[in-house]
Amino acid sequence: MADTRLVCVRRVPHPIEANLLRGLLEAADLPVALIGEGLAGAYAGAPRFADVKIMVPAWAKSSAEAVLADYDHRCAAQSQEEWRCGSCGEHNDAGFEICWQCGHAPDDNKKKGDAWRSA
Ligand SMILES: [Zn+2]
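Laid out in structure tokens, this is it:
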């Protein structure tokens with residue numbers, strides 16, 4: 003039987019990153035729930051008092067951890083380079099694979115990001 007208890011696979015301080023990670027997990031066909039997102043997002047600029055917890059069913063834990071490990075690996079590979087979105091001009095930290103503002107991929111020509119381009 004599948005174990006559907008929710009377990010926390012990651013705590014992140016920023017709801018935007020939490021949503022990014024949720025997108026990655028969902029892209030891997032893993033169900034995801036964020037806990038604390040509303041609290042963290044409701045007060046922009048206020049001192050944060052709760053990290054966002056990324057929860058997955060226990061049966062998906064190892065798969066989710068693999069996705070997150072891959073994400074961490076790619077972040078580390080990019081070092082600390084920030085990039086500017088070519089679509090909306092927003093400045094993004096290196097950890098963001100797509101623009102947090104508009105969802106645009108950083109470099110349409112080089113990345114697989116073509117999927118993000120609207121037809
Ligand atoms: Zn953008």
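When the letters of the sequence shown are read in order and numbered with my numbering, they come out as residues 3 to 121. Think of the CB as a built atom: it goes at the ideal place given N, C-alpha and C, for glycine as much as any other residue.
Per DSSP, which residues does residue i bridge with? Please list them.
| i | result |
| --- | --- |
| Leu-8 | Pro-59 |
| Ala-86 | With the sequence shown as reference, residue 86 is identified as Arg, and Ala is not the correct amino acid for it. Paired residue(s): His-93. |
| Val-14 | Val-54 |
| Ala-68 | Its beta-bridge partners do not exist; DSSP assigns none. |
What do you reckon, is the C-beta of residue i under 7 Å from a heavy atom of ligand 1?
| i | result |
| --- | --- |
| Glu-92 | yes |
| Cys-87 | yes |
| His-106 | yes |
| Cys-77 | no |
| Cys-10 | no |
Just confirm the distance between the C-beta atoms of residue i and residue j, as a whole number of angstroms; I'd bet it's less than 8 Å.
| i | j | result |
| --- | --- | --- |
| Cys-77 | Ala-107 | With 8 Å as the limit, Cys-77 and Ala-107 do not qualify as a contact, their Cβ atoms being about 16 Å apart. |
Quick one, which of the options has its alpha-carbon nearest residue i's?
| i | options | result |
| --- | --- | --- |
| Ala-4 | Pro-59, Glu-84 and Phe-98 | Pro-59 |
| Ala-30 | Gly-105, Ser-64 and Cys-104 | Ser-64 |
| Leu-23 | Ala-71, Arg-7 and Trp-61 | Ala-71 |
| Cys-10 | Pro-33, Glu-39, Lys-55 and Ile-18 | Lys-55 |
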